[in-house]
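Visitor: Please see the structure below; I have some questions.
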Amino acid sequence: MKNLFPIFLLFPLLASDNSKKPVQNYDPLTRSVGKTTANIDRKYGDHSGNRVFCRFYNFGGIGDAGNSFSGVYPIGSAHSYFYEFTPVVAASVLDTNGYRKHIVSDGVVAPALVDDSPEGTPWGFEPLPGYANPNQEYMAMSHIEDSWPNSWPNRDSGWDGYWNGAYGKYTRADQESFFVMDDFYNDEFAYFPDSTDKDNVERRAGLGIEMEARGYQWAHPAAEDIIIVTYLITNVGTSTLDSVVFGMYGDADIGGSSDFHDDDAWFDTENDMVFQWDHNGWSNSYGGFKPVYFGWSFLESPGNPYDGIDNDGDGMVDESQFDGIDNDGDWLAERDDIGSDGLGEYHLDYPGPDADGTEGNGEPDVGEPNFEITDNDESDQIGLTSFYSASYPTIYVDNDEVMWNQLKPGTFQTPTQNQDQTFLYGSGYISLSPGESKKFAIAMVFGENMADILRNANTMQNIYDNDYSFAKPPLKPTLTAVPGDNRVTLYWDNFSENSLDPVYGYDFEGYRIYRSTDAVIIIE
Numbered sequence: 015m016k017n018l019f020p021i022f023l024l025f026p027l028l029a030s031d032n033s034k035k036p037v038q039n040y041d042p043l044t045r046s047v048g049k050t051t052a053n054i055d056r057k058y059g060d061h062s063g064n065r066v067f068c069r070f071y072n073f074g075g076i077g078d079a080g081n082s083f084s085g086v087y088p089i090g091s092a093h094s095y096f097y098e099f100t101p102v103v104a105a106s107v108l109d110t111n112g113y114r115k116h117i118v119s120d121g122v123v124a125p126a127l128v129d130d131s132p133e134g135t136p137w138g139f140e141p142l143p144g145y146a147n148p149n150q151e152y153m154a155m156s157h158i159e160d161s162w163p164n165s166w167p168n169r170d171s172g173w174d175g176y177w178n179g180a181y182g183k184y185t186r187a188d189q190e191s192f193f194v195m196d197d198f199y200n201d202e203f204a205y206f207p208d209s210t211d212k213d214n215v216e217r218r219a220g221l222g223i224e225m226e227a228r229g230y231q232w233a234h235p236a237a238e239d240i241i242i243v244t245y246l247i248t249n250v251g252t253s254t255l256d257s258v259v260f261g262m263y264g265d266a267d268i269g270g271s272s273d274f275h276d277d278d279a280w281f282d283t284e285n286d287m288v289f290q291w292d293h294n295g296w297s298n299s300y301g302g303f304k305p306v307y308f309g310w311s312f313l314e315s316p317g318n319p320y321d322g323i324d325n326d327g328d329g330m331v332d333e334s335q336f337d338g339i340d341n342d343g344d345w346l347a348e349r350d351d352i353g354s355d356g357l358g359e360y361h362l363d364y365p366g367p368d369a370d371g372t373e374g375n376g377e378p379d380v381g382e383p384n385f386e387i388t389d390n391d392e393s394d395q396i397g398l399t400s401f402y403s404a405s406y407p408t409i410y411v412d413n414d415e416v417m418w419n420q421l422k423p424g425t426f427q428t429p430t431q432n433q434d435q436t437f438l439y440g441s442g443y444i445s446l447s448p449g450e451s452k453k454f455a456i457a458m459v460f461g462e463n464m465a466d467i468l469r470n471a472n473t474m475q476n477i478y479d480n481d482y483s484f485a486k487p488p489l490k491p492t493l494t495a496v497p498g499d500n501r502v503t504l505y506w507d508n509f510s511e512n513s514l515d516p517v518y519g520y521d522f523e524g525y526r527i528y529r530s531t532d533a534v535i536i537i538e
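Quick note on numbering: the sequence shown equals residues 15 to 538 in the working numbering.
Following this line, the structure appears as structure tokens:
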């Protein structure tokens, strides 16, 4: 691949202003107090970084429980493909009376489906404060700096003013979102996951699950029909959860708001996918159009690194992102030894060597590429273990016991076709010891037909397994224009020449300069 960087003469020289409005700094050990105010930290974010437009909520909901902002494809068409989706975490526990209970936490948006208390408090996920600017309405979005907090609760002060990226102080995608939520207020049952807070006025309820959620979008042609969402779930309680299922509930409406009663659905355990399409291939909504196929693909499912089985068939047994080992041996010192902040000399915001000494020490460290949590395929993945489909509203999201039985591993119900579909799918069982984390990644995928959606999903799987590696142009150099007598002299640094392409390595080949008196020609 030839990597050329074009330099244009008509190029505005702008001073970057990285300052942000003063916002409240949160103590990471505090939260918004009281159930009646538990949802004051709720915010939303609109992903619009490629051909897919979708609204996300920082309490877990995906889509606006309507047909305006829920999986619009292609962007600008107003063709919405679902009502809402939400991640779900379910586990089997013993309550304070010794009875077996099955607790499910979710982020349902539609009021009619919310599992809540008699007082109206949702029994599900709520956002943790501090992960977005509280003085505006958006969750933290990478392209909206005003949505960022002054300080990130889960990072030290060295991250102030930087994006809270999973791979370092930078964005990996063209557009990213980030929020953290937990099920502190899910007190439907007499189960308290944290034995250390007995004397607190308000004890932690739910399963003791905290979840970091990240959304990713690329405009690259290989990923333009996809949104990726990753969830890092952590047991913040003091009890081991030995039977956990992680999955998703959703209501897809292929064909839009007036043509969703004739949908088909299916699952694919080989490709770890679930998908839905219009039965007759035509919708009368929006003046009439041919709907595409819609689905979700597991890119990474929670792994089981303790059973001595190669669950994902990759030739490695019990690999893990949390064992301190480069299981697949793909960390390379000359490329990846850039320190725990994930920034090297080839990054635009490189601040210099890491203060903790991790850069250039010849050993893989957490935060560097291709090691532990930044190595996407270093997990012994279980994959899709359950799928249940039924007509709306016969999946009872507000009934934990019904949800548990439908999520159980091995449950693969054959869908009735040509109806208003809802479905529930999961991956389990996994265990979570106190303080332990597991990662789960899914892709919202669209395709013109069955072959196209499978091709898109498999392409994204390969990109994901290679840690989101796309061939890309070099980073921009710093350009200086010095005016003279009937001329202008251009100077630029060699920053582009040191750019590292994630696929082809150091492959910079030169500059291409365009000259024009018409700015429109340059833009085109």
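We put the CB at the ideal spot given by N, CA and C, even for glycine.
1) Exposed or buried, which one is T44 when buried takes at least 16 other CB atoms within 10 Å?
2) Just to confirm, are P367 and W345 a CB contact at a threshold of 8 Å?
3) Would you call the segment 256–272 in contact with the segment 89–103, where contact means no fewer than 3 C-beta pairs closer than 8 Å?
4) Report the residue from V243, L255 and R65 whose alpha carbon sits nearest the alpha carbon of I89.
5) Would you check if the distance between the CB atom of S315 and the CB atom of Q395 is smaller than 8 Å?
6) Would the beta-carbon of L127 fall within 8 Å of that of V411?
7) Let's test the definition: count the other Cβ atoms within 10 Å of the Cβ of K304 and tell me whether it reaches 16, buried, or not, exposed.
8) Identify every residue that forms a DSSP beta bridge with I11.
9) How would you label D350, buried or exposed, when you count the other beta carbons within 10 angstroms and need 16 or more for buried?
10) With a threshold of 6 Å on Cβ separation, who are the neighbours of S106 within its own chain once the five nearest residues in sequence on each side are excluded?
11) At which residues does the alpha helix (DSSP H) containing G475 begin and terminate?
12) Can you tell me which of S530, N480 and G179 puts its alpha carbon nearest to the alpha carbon of G343?
13) Take S253 as the anchor and find which of P207, N512, V259 and A279 has the nearest alpha-carbon.
14) Run through DSSP, which three-state label would N419 get?
15) In three-state DSSP terms, what is T531?
16) How big is the Cα-Cα spacing for W162 and R469?
17) Any idea what DSSP makes of L255, helix, strand or coil?
18) To which residues of the same chain is L514 closer than 8 Å at the C-beta, ignoring the five residues directly before and after it?
19) Just to confirm my understanding: we take D201, look at its own chain, exclude 5 residues before and 5 after, and list those with CB closer than 6 Å. What are they?
20) Given this structure, state the Cα-to-Cα distance separating D434 from A279, to the nearest angstrom.
21) Rounded to whole angstroms, what's the CA-CA distance from F308 to M458? Just pull it up for me.
22) With distances taken from CA atoms, which of L493, Y406 and I247 is nearest A455?
23) How would you label N341, buried or exposed, when you count the other beta carbons within 10 angstroms and need 16 or more for buried?
24) Indicate the three-state DSSP secondary structure (helix, strand or coil) for P125 in the structure shown.
Guide: Quick answer:
1) With a pLDDT of 48 at T44, under the threshold of 50, the modelled position of that residue is not reliable, and no figure is offered here.
2) By the CB criterion at 8 Å, P367 and W345 fall outside the cutoff.
3) Yes, the segment 256–272 touches the segment 89–103.
4) R65
5) yes
6) Closer than 8 Å, so yes.
7) A residue is called buried once 16 or more other Cβ atoms fall within 10 Å of its Cβ, and K304, having fewer, is exposed.
8) The question about residue 11 has no answer here: the residues shown for the chain are numbered 15 through 538.
9) buried
10) H116 and S257
11) In the sequence as presented, Gly is not what sits at residue 475; that position holds Gln. Taken as a continuous stretch (DSSP letters only), the alpha helix (DSSP H) holding Q475 covers M464 to D479.
12) N480
13) P207
14) helix
15) coil
16) 36 Å
17) strand
18) R349, G358, Y360 and Y520
19) A219
20) The alpha-carbon of D434 is positioned some 10 Å away from that of A279.
21) 8 Å
22) I247
23) buried
24) helix
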